[in-house]
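Residue numbers (the working numbering): 13 to 280.
One structure is given here, and the rest of the page talks about it.
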Amino acid sequence: MWRGLYTAATGMITESYRTDVIANNLANANTTSYKRDDAVSKDFEPMLMRRIDDYSMRQRDITTFKGFSLYSGAPVVGELGMGSQVDEVATDFSQGSFETTGNQFDLAISGEGYFMVDTPQGQRYTRAGNFYRSATGRLVNVNGYNVLDNRGRPIDIPDEATTIIVGPTGNITTDGNFVAQLGLFQFEGGNRAVLKQGDNLYRPNGNPRRINGTGEIQQGVLERSNTNIVSEMVNLIANYRAYEANSRAVVTQDTMLDKSVNEVGRNT
Numbered sequence: 013m014w015r016g017l018y019t020a021a022t023g024m025i026t027e028s029y030r031t032d033v034i035a036n037n038l039a040n041a042n043t044t045s046y047k048r049d050d051a052v053s054k055d056f057e058p059m060l061m062r063r064i065d066d067y068s069m070r071q072r073d074i075t076t077f078k079g080f081s082l083y084s085g086a087p088v089v090g091e092l093g094m095g096s097q098v099d100e101v102a103t104d105f106s107q108g109s110f111e112t113t114g115n116q117f118d119l120a121i122s123g124e125g126y127f128m129v130d131t132p133q134g135q136r137y138t139r140a141g142n143f144y145r146s147a148t149g150r151l152v153n154v155n156g157y158n159v160l161d162n163r164g165r166p167i168d169i170p171d172e173a174t175t176i177i178v179g180p181t182g183n184i185t186t187d188g189n190f191v192a193q194l195g196l197f198q199f200e201g202g203n204r205a206v207l208k209q210g211d212n213l214y215r216p217n218g219n220p221r222r223i224n225g226t227g228e229i230q231q232g233v234l235e236r237s238n239t240n241i242v243s244e245m246v247n248l249i250a251n252y253r254a255y256e257a258n259s260r261a262v263v264t265q266d267t268m269l270d271k272s273v274n275e276v277g278r279n280t
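See the structure below:
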């Protein structure tokens, strides 16, 4: 019975963690270029259940034939699960839909790649291209971090610039004059080479080799979140039902323990 309590309790903890992940996805459904997460669960190492003290098997091995026997001990009845746990929170890096804004500082990446920004923690990466020109003339993101070019330097937009064009490869021109090439990077190892940091930023996972991004930059559009609100709500309902089932199992196990301790022992 104690094992049943622990197993049901681990299920409740797992589903509670999954609820937090789903709630975060829903909260960021309108966040530019947000990538949804999935809580991946796994079983604790199960125990093999074997049939022991089997009198008939001890007396005669029915698989014995001409000196050859398949019997190598008590037969396995099955596996006994020991509960579940969250193995990892995996990020879904699928492309979000594009939303046309018409703003010349709004940029989206079609395909693989990240913009690079300068933060107090060092260089970080993002797919959120909702940039703007600061009071000092620098190209910055919504947090005020400098957007960097392909050499890791801040990008200055001239004060007198009226028409700003950003090409597919990141070349920035103002009124026909070249200004800089916007940095577009990715890492060897695919999407697992980066980890979420918060504020729509990513950091390298270890020391992967950085290479030029293969995607194309589109101007005047933004990449929307890849969160599907309907799917997340369905997952949330299913998650709630699983949590409720585990909680009922805890109550049932507790009732059985109560009867075993307070009634069975007294009646005997």
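Cβ coordinates follow ideal geometry from the N, Cα and C atoms, glycine included.
Own chain residues within Cβ distance below 6 Å of residue i, not counting five before or after
{"i": "residue 166", "result": "150 and 158"}
{"i": "residue 272", "result": "none"}
{"i": "residue 117", "result": "143 and 144"}
{"i": "residue 140", "result": "44, 45 and 212"}
{"i": "residue 274", "result": "none"}
{"i": "residue 74", "result": "Because the pLDDT at residue 74 is just 48, under 50, the model does not fix this residue reliably, and the point stays unresolved."}
{"i": "residue 100", "result": "52"}
{"i": "residue 32", "result": "none"}
Cross-strand partners of residue i (DSSP beta bridge)
{"i": "residue 128", "result": "137"}
{"i": "residue 224", "result": "197"}
{"i": "residue 208", "result": "214"}
Residue i: first and last residue of the uninterrupted beta strand (DSSP E) it sits in
{"i": "residue 183", "result": "183-186"}
{"i": "residue 119", "result": "119-122"}
{"i": "residue 12", "result": "This structure cannot settle anything about residue 12, because the visible part of the chain is limited to 13 through 280."}
Rounded straight-line distance, which links the Cα of residue j to that of residue i
{"i": "residue 179", "j": "residue 111", "result": "18 Å"}
{"i": "residue 135", "j": "residue 214", "result": "9 Å"}
{"i": "residue 106", "j": "residue 18", "result": "37 Å"}
{"i": "residue 235", "j": "residue 122", "result": "9 Å"}
{"i": "residue 265", "j": "residue 257", "result": "12 Å"}
{"i": "residue 108", "j": "residue 15", "result": "44 Å"}
{"i": "residue 21", "j": "residue 146", "result": "52 Å"}
{"i": "residue 102", "j": "residue 199", "result": "17 Å"}
{"i": "residue 162", "j": "residue 127", "result": "9 Å"}
C-beta neighbour in chain B for residue i, strict 8 Å
{"i": "residue 103", "result": "As a matter of chain content, chain B is missing from the structure shown, which is built from one protein chain."}
Residue i - containing alpha helix (DSSP H), residue span
{"i": "residue 154", "result": "Looking at the DSSP string, residue 154 is not in any alpha helix (DSSP H), and its letter there is neither H nor E."}
{"i": "residue 241", "result": "241-271"}
Touch check for the region 204-223 and the region 177-192: three-plus C-beta pairs under 8 Å? Too few Cβ pairs lie closer than 8 Å, so no.
Would you say the region 96-115 touches the region 19-35, given that touching needs at least three Cβ pairs under 8 Å? The region 96-115 vs the region 19-35: in contact.
Within the chosen definition, does the region 120-136 reach the region 244-253 through at least 3 CB pairs nearer than 8 Å? no
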